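1 is the number of the first residue of the sequence shown in the UniProt record's numbering; add one for each residue after it. Even glycine gets a Cβ: it sits at the ideal position worked out from N, Cα and C. No experiment lies behind these values; they were computed from the predicted model shown.
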Amino acid sequence: MKFFLIAGAVNGLLSVALGAFGAHMLEGRVADKYLDTWQTAVQYQMFHSIGLIAIAILMSSALLGPLGSLSWAGYLMLAGIVIFSGSLYVLSLTGISVLGAITPIGGVAFIAGWVMLIIAASKAL
C-alpha cells in the first residue's frame, strides 16, 4: 500500500518534470514526431501514476483491502510505466526506432494492470 502510494507520487512528479523538460528543452532540438512521442509517454506516465495512487487508497480501505490481484495491478502498472513510457522517452531522445518494438510490452502491462484491478473489484464487491 505505502509502496504504491510512493511510486504513484514519484511517477506523478517525474511526469510533470519530464513534461516541462520536453516542452521547454526539446522543442527545436528533436523532430516534431519525437515531441509527440515524448508527450504520449508523459500522459501515460501520469495516467498510471494516478492509477497507482488509487490502488494504494483501495488497498488501505475496507472496500477492497490488500488483495493479491490488487497488488498485481499495481506492479503491472508500474512495469508499464517503466517499459512503455521509458522506451518512448529513450526513443524520443535517441531516435533508435527498434525501441518501438519494446513499447507494446509496456502497453500490455498497462492493460493487464487494469484487468487485475477489475478482478480485485469483482472479488470484493
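Each of A79, S69 and A124 was checked against the Cα of A7, and the nearest Cα belongs to A79. Proximity to Q43 across A112, M59, A23 and G19 peaks at G19, based on C-alpha coordinates.
If you compare the alpha carbons of L35, A31, L67 and S85 with that of N11, the shortest gap goes to S85. Counting along the chain, A9 sits inside the alpha helix (DSSP H) bounded by residues K2 to F21. For V115, the uninterrupted alpha helix (DSSP H) run begins and ends at T103 to A124, by DSSP. The straight-line gap separating the alpha-carbon atoms of A120 and L67 is approximately 7 Å. Close CB contacts of I50 within its chain, under the 8 Å cut and outside five residues either way in sequence, are with G8 and G12 (chain order).
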